[in-house]
Amino acid sequence: MRKNLEDSQSSNVTPTGSKSEEQKLIESVQNGNKTAFGKLIRIHQKRLFRFIYGLVNSFDITEDIVQDTFVKAYQKIETFRTGYAFYPWLATIARNLAYNFIQREQKKESLDKMTEVGFDPQSTDISALDNLLDDENKKRLYKAIGALPVKYRVVFTLRHFEKMDYSEIASFLKIPPGTVDSRLFRARQMLLGAVKDLL
Amino acid sequence: MEHQFYIDRLSAYFDNELKNEEFVIVKEHIDSCDECQKRLAELEKLENLFTDNSELSESEYWEQSAQKIEASLDAQTPTEIIPIKKTKSSLSLWWKLTGVAASLVLVAIFAFEQKDVGDELLMEEKNNSPIENRSASVQIAKDTITDEELSLGNIVADADDMIETALELNQPIAQPSQVITPKKKTRSKKQVASKPQPVKLEKEKVKTQQAPPVIAEIVEEKIIEEPAPVKLRTLEFQNGGGTIATSDNYIKLDQTSKVQSDNLVEDESESVATTQIFSNTFDSTLPNKLQDGFGKTAELEYWRRRVATNNDLLKARKKNTVQYSKSSKSTTRQRGKSTNRIDVEFTYKQIFEAYYHIAILTNASFEVKQAVDFLTMHADSLTTTYSSNALYYLQLYQNEMNRQENKKNQEE
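Residue numbers (my numbering), protein chains in the order written: chain V, 1407 to 1605; chain Z, 30 to 441.
Here is the structure:
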């Protein structure tokens, strides 16, 4: 199953056309240029941070995961196939790390809560994120996402931030596509309730 | 159709994820329904709201963060393998040790086989159909385990092979081995501890020949008298004594059988433990039906009974689990209660497996739905203790469905 999963993930990586600036940077990194990787970090870290924050709902943990993702990507840069977009590859590493983290947290939950939604760090470091949100509406929206139960938040984040389709989400979370549908439906209902006045 | 039906599908419709027929039906409805149009508009606004307002603002933080990451890269080179922060745990070390131990065991297995120990006895046993099949199933299991990768994908494929082979053999022992095989595979997924089994099996065979203890003698006689393994097990239960209606009794009986199994073939004790769980309500006529070419109805009935029995067991055990959870706050854990926790987990696995087979075998859609829903619910719980197993059977079910679909397509 893990093998299949990796196959399906690799299909997310779409080939790009002509040799872009990014491709040159990657080739440069592959030839041992560390500075070029610094540029790649600066290009992608914001988007990656937003995505991972949506999954784990904690500033500190997001920081760690983003850092780990870049370090891991740097280590494995030789395996990256040039000609493909860099971000999807990065996001795949990141979301695996994030999902592992979520699962580990879930493991700590007692058996009695097995049917409930367990893990939710209840972002105590929300003020840290507030510094990166210049608008009251944005703060409210991130708060609304953070208030979703973890299983809804994860599906919503994958769909909304990463634009993954239902089958991709199902394959990544190892749940049936029908469940993705129902979770996304529930997540949207909750969000509509939370931010109705902004619509 | 009820209005709620369309409302539930609006989200998927909005994402363009409905299949052709459903899409047409829902679209037709939306065109004629004001409320649905309103709800759809709300979804669109929500999407736009999040798209417009999810960008994180420019800040010094990003530069600081990038520098921090760059600093952490300084210690690395692209060829070096580094541990990932926070994902490193005692578990990963444990896995590594297990891997080393597993490879040692493999070497031991091959070395042992070359010695041709107890050849005569093995030849004798091969004439006995149950044992022949048992060694066949052990061989299958061994083949599976020797796969170094142990990736879940391989296991799923192997499980299919194992079940198919077991069905092909269509011998008395094949039925219980079909019951047991997925369990073995599940064990191999968790850890490679099941590997020593073949070695132990052979060792014990030699033992029984050299100095057969009294109990072993009795059982061996029964093997000859009763080629049907299910019957054999029934006899063993009688030896173990008592019913297993309550979890207390179950543990007692388990201990009894352990004492016996010390004198028996080691591998057998595990399969006995497996069957013990549902033996108390298990209709003694069913296994015979199953042996007659695995009648589909009989097999289905068998799995249904297994669900029912295990559900009963679960109820009894769950009461104890609650006690266990309460006491788990204290620093010391009582052995009996922790055993109970393992029992609950095991019972769940039994139910998952039974539901998987029900889903495959039955044509009644409500029953398939019930089975799949049950598996999905537990797979979704994200509590890895159970969910990994539920997920496994769910995946197995989906694979089977895909396989059947492909077969149909090919036939067409």
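Backbone N, C-alpha and C fix where the C-beta goes; we use that ideal spot for every residue, glycine too.
Because the structure is a prediction, the values reported are computed rather than measured.
Short Cβ contact (8 Å threshold) for Ala1497/V with Phe1443/V:
no
Interface partners of Pro1555/V on chain Z, CB under 7 Å:
Correct list: empty, because the minimum Cβ distance to chain Z is about 11 Å.
Which bits of chain V does Leu85/Z rub up against, with CB to CB less than 8 Å?
Lys1452, Phe1455, Arg1456, Leu1538 and Leu1539
Can you check which of these residues, Lys1440/V, Lys1445/V, Ile1508/V and Ile1449/V, is closest to Gln1481/V by C-alpha distance?
Lys1440/V
Looking only at C-alpha atoms, which of Lys1445/V, Asp1466/V, Leu1431/V and Tyr1505/V sits nearest to Glu92/Z?
Lys1445/V
Short check: CB of Tyr1558/V to CB of Met1596/V, under 8 Å?
yes
Taking only the alpha-carbon atoms, compute the straight-line gap between Gln1429/V and Ile1471/V and give it to the nearest angstrom.
24 Å
Anything in chain V within Cβ reach of Lys74/Z, meaning under 8 Å, just list it in chain order.
Leu1605
C-alpha gap between Ile174/Z and Lys1580/V, whole angstroms:
With a pLDDT of 38 at Ile174/Z, under the threshold of 50, the modelled position of this residue cannot be trusted; read the value that follows with caution. Taking the straight line joining both Cα atoms gives about 24 Å.
Drop a sphere of 10 angstroms on the beta-carbon of Thr1488/V, count the other beta-carbons inside from all chains shown, and report buried for 16 or more, exposed for fewer.
exposed
So the candidates are Tyr1493/V, Phe1486/V and Ile1467/V; which of them puts its Cα closest to the Cα of Arg1448/V?
Tyr1493/V
Name the chain V residues whose beta carbon is nearer than 7 Å to that of Phe79/Z?
Leu1547 and His1566
Give the range of the alpha helix (DSSP H) segment to which Ala393/Z is assigned.
Here Ala393/Z belongs to no alpha helix (DSSP H), and DSSP marks it neither H nor E.
Reference Ala1491/V; option with closest CA among Leu1461/V, Glu1484/V and Ser1426/V:
Ser1426/V
For the alpha helix (DSSP H) that contains Pro1555/V, what are its first and last residues?
Run containing Pro1555/V: none; DSSP gives neither H nor E here.
Give me the residue from Phe1486/V, Arg1501/V and Val1462/V with the minimum Cα distance to Thr1475/V.
Arg1501/V
8 Å contact criterion, which Phe1567/V and Leu85/Z should meet: CB distance rounded:
Not a contact, Cβ separation roughly 11 Å.
For His1450/V, does the count of other Cβ atoms within 10 angstroms reach 16, so buried, or fall short, so exposed?
buried
Quick one: which chain Z residues come within Cβ less than 7 Å of Asn1543/V?
Asn82
Report the rounded CA-to-CA distance for Glu1469/V versus Glu441/Z, giving the unit in angstroms.
53 Å
To the nearest angstrom, report how far apart Arg333/Z and Lys378/Z are at their CA atoms.
14 Å
Use the C-beta contact count for Arg432/Z: other C-beta atoms within 10 angstroms, 16 or more gives buried, fewer gives exposed.
exposed
Just to make sure I have the definition right: I need the residues of chain V whose C-beta is within less than 9 Å of the C-beta of Ile54/Z. Which are they?
Neighbours of Ile54/Z on chain V: none; closest Cβ ~16 Å, over 9 Å.
Distance, Cα to Cα, Asn340/Z vs Ile380/Z?
8 Å
Short Cβ contact (8 Å threshold) for Phe1562/V with Ser40/Z
no
Please identify the residue among Val1586/V, Phe1507/V and Lys1602/V whose C-alpha is closest to the C-alpha of Asp1466/V.
Phe1507/V
Where do the ends of the alpha helix (DSSP H) carrying Phe1476/V lie?
Phe1465 to Gln1481
Residue environment, Tyr1485/V, which counts as buried when at least 16 other CB atoms sit within 10 Å
The displayed chain sequence assigns Thr, not Tyr, to residue 1485/V. Looking at its Cβ environment, which holds fewer than 16 other Cβ atoms inside 10 Å, Thr1485/V is exposed.
List, in order along the chain, the chain C residues whose C-beta lies closer than 7 Å to that of Tyr385/Z?
Given the protein chain composition of this structure (V and Z), no chain C is represented.
Does Phe1494/V have its Cβ less than 8 Å from a Cβ in chain Z?
The question names Phe, but residue 1494/V in the sequence shown is Pro. Not an interface residue.
Going along the chain, which residues of the segment 381-409 of chain Z sit with their C-beta nearer than 9 Å to a C-beta in chain V?
Val401, Thr405, Met406, His407, Ala408 and Asp409
Cβ pair count under 8 Å reaching 3, the segment 32-51 of chain Z against the segment 1540-1551 of chain V:
no
Extent of the continuous alpha helix (DSSP H) run through Phe52/Z
Asn49 to Ser61
Residue-chain proximity (Asp341/Z, chain V), Cβ-Cβ < 8 Å
no
Rank Phe375/Z, Ile59/Z, Asp402/Z and Ser101/Z by C-alpha distance to the C-alpha of Tyr385/Z and give the top, closest one.
Asp402/Z
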